[in-house]
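Residue 331 is where the sequence shown starts when you use the numbering used here, and the numbers rise one by one after that. These notes are about the structure you will find just below.
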Amino acid sequence: MPTVEWRSPASEMAVQQFDIAAAKLNLDANVAGRLRRPERAMIVSVPTRMDDTRVHVFTGYRVQHNDVLGPFKGGIRYHPAVNLGEVSALAMWMTWKCSLVGLPLGGAKGGVACDPAELSRHELQSMTRRFTAEILNFIGPDVDVPAPDMGTNEQVMAWIMDTYSQHKGRAVPEIVTGKPVAIGGTLGRKEATGRGVVYTIIEAAKHLGIDLSKCTAAVQGFGNVGAVVTKELANIGVKVIGVSDRTGGFYDPKGLPVEKLLEMVSKSHILEGCPYGEKIRNEELLELKCDILVPAALEMQITKENAERLQCRILAEGANGPTTLDADRILKEKGVFLIPDILANAGGVVVSYFEWVQDLQNFFWTEEEVNKKLRDILVKAFHEVLGMSQREKVDMRLAALMIGIDRVARAMLWRGLYA
Ligand code: NAD
Numbered sequence: 331m332p333t334v335e336w337r338s339p340a341s342e343m344a345v346q347q348f349d350i351a352a353a354k355l356n357l358d359a360n361v362a363g364r365l366r367r368p369e370r371a372m373i374v375s376v377p378t379r380m381d382d383t384r385v386h387v388f389t390g391y392r393v394q395h396n397d398v399l400g401p402f403k404g405g406i407r408y409h410p411a412v413n414l415g416e417v418s419a420l421a422m423w424m425t426w427k428c429s430l431v432g433l434p435l436g437g438a439k440g441g442v443a444c445d446p447a448e449l450s451r452h453e454l455q456s457m458t459r460r461f462t463a464e465i466l467n468f469i470g471p472d473v474d475v476p477a478p479d480m481g482t483n484e485q486v487m488a489w490i491m492d493t494y495s496q497h498k499g500r501a502v503p504e505i506v507t508g509k510p511v512a513i514g515g516t517l518g519r520k521e522a523t524g525r526g527v528v529y530t531i532i533e534a535a536k537h538l539g540i541d542l543s544k545c546t547a548a549v550q551g552f553g554n555v556g557a558v559v560t561k562e563l564a565n566i567g568v569k570v571i572g573v574s575d576r577t578g579g580f581y582d583p584k585g586l587p588v589e590k591l592l593e594m595v596s597k598s599h600i601l602e603g604c605p606y607g608e609k610i611r612n613e614e615l616l617e618l619k620c621d622i623l624v625p626a627a628l629e630m631q632i633t634k635e636n637a638e639r640l641q642c643r644i645l646a647e648g649a650n651g652p653t654t655l656d657a658d659r660i661l662k663e664k665g666v667f668l669i670p671d672i673l674a675n676a677g678g679v680v681v682s683y684f685e686w687v688q689d690l691q692n693f694f695w696t697e698e699e700v701n702k703k704l705r706d707i708l709v710k711a712f713h714e715v716l717g718m719s720q721r722e723k724v725d726m727r728l729a730a731l732m733i734g735i736d737r738v739a740r741a742m743l744w745r746g747l748y749a
């Protein structure tokens with residue numbers, strides 16, 4: 331963002347990406363100036379009673395980037411590195427992502443700087459409820475609808491839904507997505523992001539003429555996105571040779587036993603102590619010789635320092651912003667086929683949109699319907715991006731950004747400036 335308030339490596343990267351796409355689109359300068367920064371950003375104090383009776387004050391954020399296409403939508407992240415700049419970058423990417431896949435939603439993001447692994451269940455619940463209360467006047471089913479992101483899950487969404495509902499005096503399931511099915515969540519949401527990543531990999535393989543049953547894959551991050559990607563890749567016959575999480579990675583060139591890994595992590599939540607494969611460092615995982623690499627953890631993992639050493643043919647960005655602009659250039663020269671984040675991981679927000687629609691209508695769909703509609707949307711978006719990339723002779727990231735930004739800009743020009 332141009333002003334110092336939002337500055338961080340992630341937000342600078344997001345704005346640079348935007349500037350490149352805006353220049354290529356010849357975007358109206360007044361519209362571009364508005365889109366380079368969020369519409370609204372909040373920093374809140376989140377006082378929380380810890381188990382030892384001390385009150386710890388966490389810092390929470392909600393950034394609303396643009397709502398020209400519809401209510402703000404975006405996840406809530408719990409991670410020690412959460413800051414205003416990172417949340418702003420993630421909010422901007424949400425705007426382009428919703429637009430790219432044709433959803434009537436805008437872009438937002440939120441988070442609390444904390445390490446959820448260090449908090450007890452009681453502390454996590456108290457912090458979540460107080461954070462919800464602090465942002466309560468700025469969210470709402472037709473205003474801004476949160477969802478899960480790194481470090482949050484369906485339990486956290488349930489506490490947000492309950493806190494909001496207690497304030498309103500009635501059940502308001504449509505205030506968040508990614509909730510448990512028992513309180514108005516949708517079938518298929520938990521798996522949607524990872525499943526969507528794999529749908530786009532299937533389209534990329536068709537385009538490149540690659541037989542996926544002969545392919546190998548490495549996945550960074552073994553949480554909501556990474557674990558599902560691993561499972562779905564194994565289901566279609568891809569050999570998963572490497573996985574990692576914040577505790578490190580595991581590698582077996584003959585293929586890791588995916589079902590056993592999933593079972594282990596469902597109990598322990600981390601890969602540490604995994605008895606399968608050889609232990610490797612996180613950096614080594616990204617550099618493994620494989621056909622498909624899926625970063626599904628943090629931003630800025632693939633940089634000018636390691637991009638040259640990547641050995642994959644397809645890079646499918648499960649995470650948001652895992653690749654820097656310098657690395658993009660190197661990977662393009664190496665001929666790596668990129669499925670950019672706002673396309674590859676859009677399955678999460680697509681099924682969040684389905685959940686919101688079902689809640690508003692009080693009418694719920696089967697998992698088959700959810701998955702089919704998700705696949706139709708992502709396959710269409712993939713081919714729109716590929717078409718743009720071929721017509722304009724630009725890489726897949728720039729093509730995806732151009733489509734996403736163009737739709738938002740055109741809507742802004744129609745609506746004009748309220749003054
Ligand atoms: P999660 O908290 O469920 O899992 C994150 C995983 O990354 C964990 O296994 C964690 O141990 C691992 N990790 C953390 N630091 C790491 C490091 N330095 N190296 C390797 N692994 C590391 O989070 P998630 O929901 O799976 O989100 C992962 C990424 O996907 C984020 O970038 C998020 O913004 C993006 N994303 C998530 C969704 C969603 O629906 N959850 C949707 C779109 C995009």
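All C-beta atoms in this analysis are idealised placements derived from N, C-alpha and C, irrespective of residue type, glycine included. Computed from a predicted structure; not experimentally measured.
Does the stretch 596-607 come into contact with the stretch 626-636, if we say contact requires no fewer than three beta-carbon pairs (one atom in each stretch) closer than 8 Å?
Too few Cβ pairs lie closer than 8 Å, so no.
Between which two residues does the beta strand (DSSP E) harbouring H599 extend?
In the sequence shown, residue 599 corresponds to position 269, counting from 1. Taken as a continuous stretch (DSSP letters only), H599 belongs to no beta strand (DSSP E), as it is neither H nor E.
Is Y529 helix, strand or coil by DSSP?
Looking up residue 529 in the sequence shown gives position 199. The answer is helix: DSSP assigns Y529 an H, G or I state.
With a threshold of 7 Å (Cβ to nearest heavy atom), would D575 be considered close to ligand 1?
As a working mapping, residue 575 is identified with position 245 in the sequence shown. D575: yes, Cβ under 7 Å from ligand 1.
Kindly examine ligand 1 and report whether one of its heavy atoms sits closer than 7 Å to the Cβ of D658.
Indexing the sequence shown from 1 puts residue 658 at position 328. No; taking the cut-off as 7 Å, the Cβ of D658 has no heavy atom of ligand 1 nearer than that.
Quick one: what's got a C-beta closer than 8 Å to K634's C-beta in the same chain, skipping five residues either side?
Residue numbering aside, residue 634 sits at position 304 when the sequence shown is read from its first letter. Closer than 8 Å at the Cβ level, and outside the excluded window around K634, lie T654, D656, A657, I660.
Extent of the continuous alpha helix (DSSP H) to which G579 belongs
Working through the sequence shown from its first residue, we reach residue 579 at position 249. Per DSSP, G579 lies in no alpha helix (DSSP H) segment; the continuous beta strand (DSSP E) that holds it begins and ends at 578-581.
Would you say I672 and K439 are within 8 Å of each other, going by their C-beta atoms?
In the sequence shown, the residue the question calls residue 672 occupies position 342. In the sequence shown, the residue the question calls residue 439 occupies position 109. I672 places its beta carbon 8 Å or farther from that of K439.
Flag this pair as touching only if the stretch 728-736 and the stretch 535-555 have three or more C-beta atom pairs under 8 Å; answer yes or no.
No, because fewer than three Cβ pairs between the stretch 728-736 and the stretch 535-555 fall closer than 8 Å, the two stretches do not touch.
Do the stretch 512-529 and the stretch 551-562 meet, that is, are 3 or more Cβ pairs less than 8 Å apart?
Contact check between the stretch 512-529 and the stretch 551-562: three or more CB pairs, one atom from each, fall below 8 Å, which counts as touching.
Skipping 5 residues on each side, what residues in its chain have a beta carbon closer than 8 Å to that of T696?
The sequence position of residue 696 within the sequence shown is 366, counting from 1. Around T696, the same chain offers L517 as residues with beta carbons nearer than 8 Å, after the five sequence neighbours per side are excluded.
Spatial distance of A421 from G508 (CA atoms)
As a working note, residue 421 is residue 91 in the sequence shown. As a working note, residue 508 is residue 178 in the sequence shown. Distance between the alpha carbons of A421 and G508 is about 18 Å.
So, does the stretch 373-385 touch the stretch 342-361, judging by three or more C-beta pairs under 8 Å?
Counting C-beta pairs with one atom in each stretch, the stretch 373-385 and the stretch 342-361 have fewer than three that are closer than 8 Å, which means they do not touch.
Give me the residue from V680, N650, K664, V681 with the minimum Cα distance to P670.
Position 340 of the sequence shown holds residue 670. Checking every option, the nearest Cα to that of P670 belongs to N650.
Nearest neighbour of K710, chosen from P471, A512, I644, G432 [CA to CA]
Within the sequence shown, the letter at position 380 stands for residue 710. Here the closest residue by C-alpha is G432.
Does the Cβ of V549 lie closer than 7 Å to at least one heavy atom of ligand 1?
Along the sequence shown, read from residue 1 onward, the residue named residue 549 stands at position 219. No; taking the cut-off as 7 Å, the Cβ of V549 has no heavy atom of ligand 1 nearer than that.
Between the stretch 583-601 and the stretch 460-479, can you find at least three pairs of beta-carbon atoms closer than 8 Å?
With contact defined as three or more Cβ pairs closer than 8 Å, the stretch 460-479 and the stretch 583-601 are not in contact.
For P583 and G572, the rounded distance between their alpha carbons
Walking along the sequence shown from the start, residue 572 turns up at place 242. Walking along the sequence shown from the start, residue 583 turns up at place 253. Between G572 and P583, the C-alpha separation is close to 8 Å.
Tell me the residue span of the beta strand (DSSP E) that contains A547.
Along the sequence shown, one-based indexing puts residue 547 at 217. It spans 546-550 - the beta strand (DSSP E) in which A547 sits, taken as one unbroken run.
Count the other CB atoms within 10 Å of the CB of A512; is the residue buried (16 or more) or exposed (fewer)?
Translated into positions along the sequence shown, residue 512 becomes position 182. A512 comes out exposed.
Distance, Cα to Cα, L708 vs E685?
As a position in the sequence shown, residue 708 is number 378, starting the count at 1. As a position in the sequence shown, residue 685 is number 355, starting the count at 1. Using only the alpha carbons, I get a separation of about 17 Å.
Among all the DSSP beta bridges, which residues are the ones paired with G651?
Counting from one through the sequence shown, the residue named residue 651 turns up at place 321. Answer is none; G651 lacks a bridge partner.
At a threshold of 7 Å, does E343 count as lining ligand 1 (C-beta to nearest heavy atom)?
Taking the sequence shown and counting its residues from 1, the one referred to as residue 343 is at position 13. What sits at residue 343 in the sequence shown is Met, not Glu. For ligand 1, no non-hydrogen atom lies closer than 7 Å to the CB of M343.
Note the first and the last residue of the continuous beta strand (DSSP E) segment covering I465.
Along the sequence shown, read from residue 1 onward, the residue named residue 465 stands at position 135. From DSSP, I465 is part of no beta strand (DSSP E) but of the alpha helix (DSSP H) over 451-465.
With the cut-off set at 8 Å, would you say A443 and P410 are in Cβ contact?
Translated into positions along the sequence shown, residue 443 becomes position 113. Translated into positions along the sequence shown, residue 410 becomes position 80. The answer is yes: Cβ separation under 8 Å.
Do you know how far the Cα of P446 is from the Cα of S598?
The count along the sequence shown starts at 1 and reaches residue 598 at position 268. The count along the sequence shown starts at 1 and reaches residue 446 at position 116. Each residue's Cα considered, the two are about 15 Å apart.
Using a Cβ-Cβ cutoff of less than 8 Å, which residues in the same chain neighbour H497 once the five nearest sequence positions on both sides are dropped?
Along the sequence shown, read from residue 1 onward, the residue named residue 497 stands at position 167. Within its own chain, the residues whose Cβ lies closer than 8 Å to the Cβ of H497, once the five positions on either side in sequence are excluded, are A463, L466, listed in chain order.
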